[in-house]
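Read the structure below first, then the notes.
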Amino acid sequence: YIRYAFMMHAAHDQKITCNIGHSNVTGIVFEKITPTDPLDAEWHMTIHVGAVFSIEEVQQIGSAIRDNIFDIVSLVLNTRISEVRLVNQGLTPKAGEGTIMHLLAPPPQLTAACSSGDYPLSGTDIQNIQDALARTSSLKKRSLLRLFRIAVGADEPLVQFLILYLTLEILHNGSQIKIDKFIMSDSPNTSQTPDPRKEKNGVLETVYTRLRNEIAHRDSFALDTTGVEIENCIDEFRKIVNEAVKRCI
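Residue numbering for the sequence shown follows our numbering, beginning at 301 and increasing consecutively.
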């Protein structure tokens, strides 16, 4: 097996077992380290493997599938996963042989944080994780899953917004008309304003496309003002992009 620690603001008081259809993986287990503490966001993911000959082989399997797993969980739960690190790995011996185990202690560190508590996972959340991981080998557009996890992991809302919008551009071949059409179909109450480039033709653009264009093309905008608008709408925009990526896989 190989075990990773990571931070995720979600709460569940039982182990979550999953399969991914990998020939060398017999199962994956997610477990919140202190399920009774809503402010402790540390989780473990343990990947159990089949017959192997060395710790190095276990490491290779873990390295090959780790990021794909975290990409899927981040997308399914629409949440940030951070501080991923290897904490433990070992081999279960054959009869008469000795155990091999490597424990990895994290480096000393001082962390200051503020948290309002973890989001409790529902039965539907758990089932969605299990279903998505079971389809790991057949998932399409894996790069978009990675982009989404990078976006939601960004601390700066402006950076998160630009990566999320880039994700939509990839999905819709760079067409802002198609992007806005999808946004309005998914979230009909999204505000729209006239597109300055096409105002004579009565073309509207969503608030998200306007903000993106202010950053990329329009010299007259105030970055501070645009930044505040992005902070106010980033959560809703993340939900829209999350839905877009889910539909394409």
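By construction, the Cβ of each residue, glycine as well, lies at the ideal position given by its N, Cα and C atoms.
Same chain only: Cβ atoms within 6 Å of threonine 506, ignoring 5 sequence neighbours per side: In the sequence shown, the residue the question calls residue 506 occupies position 206. Cβ within range, chain order: Asp480, Ile483, Thr490, Gln492.
Identity of the residue in Ala305, Ser487, Gly502 nearest aspartate 340 by Cα: Working through the sequence shown from its first residue, we reach residue 340 at position 40. Out of Ala305, Ser487, Gly502, Ala305 has the C-alpha closest to the C-alpha of aspartate 340.
Paired residues, beta bridge with lysine 332 - DSSP: Looking up residue 332 in the sequence shown gives position 32. In DSSP, lysine 332 forms a bridge with Trp343.
Status (buried if at least 16 other CB within 10 Å, exposed otherwise) for threonine 411: Position 111 of the sequence shown, counted from the start, is the residue given in the question as residue 411. In this predicted model, threonine 411 has a pLDDT of only 40, less than 50, meaning its place in the structure is not dependable; the value taken from the coordinates is given anyway. With fewer than 16 Cβ atoms within 10 Å of its Cβ, threonine 411 is classed as exposed.
Length of the line joining the Cα atoms of leucine 403 and aspartate 418: Position 103 of the sequence shown, counted from the start, is the residue given in the question as residue 403. Position 118 of the sequence shown, counted from the start, is the residue given in the question as residue 418. In this predicted model, leucine 403 has a pLDDT of only 48, less than 50, meaning its place in the structure is not dependable; the value taken from the coordinates is given anyway. Near 28 Å, if we compare the C-alpha coordinates of aspartate 418 and leucine 403.
Inter-residue spacing [alpha-carbon to alpha-carbon] between aspartate 337 and lysine 478: Start at 1 with the first residue of the sequence shown, and residue 337 comes out as number 37. Start at 1 with the first residue of the sequence shown, and residue 478 comes out as number 178. Distance between the alpha carbons of aspartate 337 and lysine 478 is about 44 Å.
Between the CA atoms of threonine 392 and histidine 309 - distance to the nearest angstrom: The residue labelled residue 309 in the question sits at position 9 within the sequence shown. The residue labelled residue 392 in the question sits at position 92 within the sequence shown. Going by the C-alpha atoms only, they are around 32 Å apart.
Which of helix, strand or coil DSSP assigns to alanine 351: The residue given as residue 351 occupies position 51 in the sequence shown. Residue state, collapsed to three classes: coil.
Serine 487 - DSSP class collapsed to helix/strand/coil: Translated into the one-based positions of the sequence shown, residue 487 becomes position 187. Serine 487 falls in the coil class under three-state DSSP.
Integer-rounded CB distance, given that isoleucine 320 should sit under 8 Å from glutamine 562: This structure does not reach residue 562, given that the chain is present from 301 up to 549, and the question cannot be answered.
Cβ neighbour criterion (16 or more within 10 Å) applied to glutamine 476: Position 176 of the sequence shown, counted from the first residue, corresponds to residue 476. Answer is buried; the Cβ neighbour count reaches 16.
For asparagine 513, the nearest candidate out of Glu469, Lys546, Phe448 (CA to CA): What you label residue 513 is simply residue 213 of the sequence shown in a count that begins at 1. Checking every option, the nearest Cα to that of asparagine 513 belongs to Glu469.
Proximity of leucine 433 and isoleucine 347 at Cβ, strictly below 8 Å: Locating residue 433 in the sequence shown gives position 133, where the first residue counts as 1. Locating residue 347 in the sequence shown gives position 47, where the first residue counts as 1. Not a contact, by the Cβ cut-off of 8 Å.
Inter-stretch contact at 8 Å, needing at least 3 Cβ pairs: the region 434 to 452 / the region 369 to 389: yes
Nearest-angstrom beta carbon gap, proline 457 and isoleucine 530 [assumed within contact, 8 Å]: Counting from 1 along the sequence shown, the entry for residue 530 is found at position 230. Counting from 1 along the sequence shown, the entry for residue 457 is found at position 157. Indeed, because the Cβ distance is near 5 Å, the residues count as touching under 8 Å.
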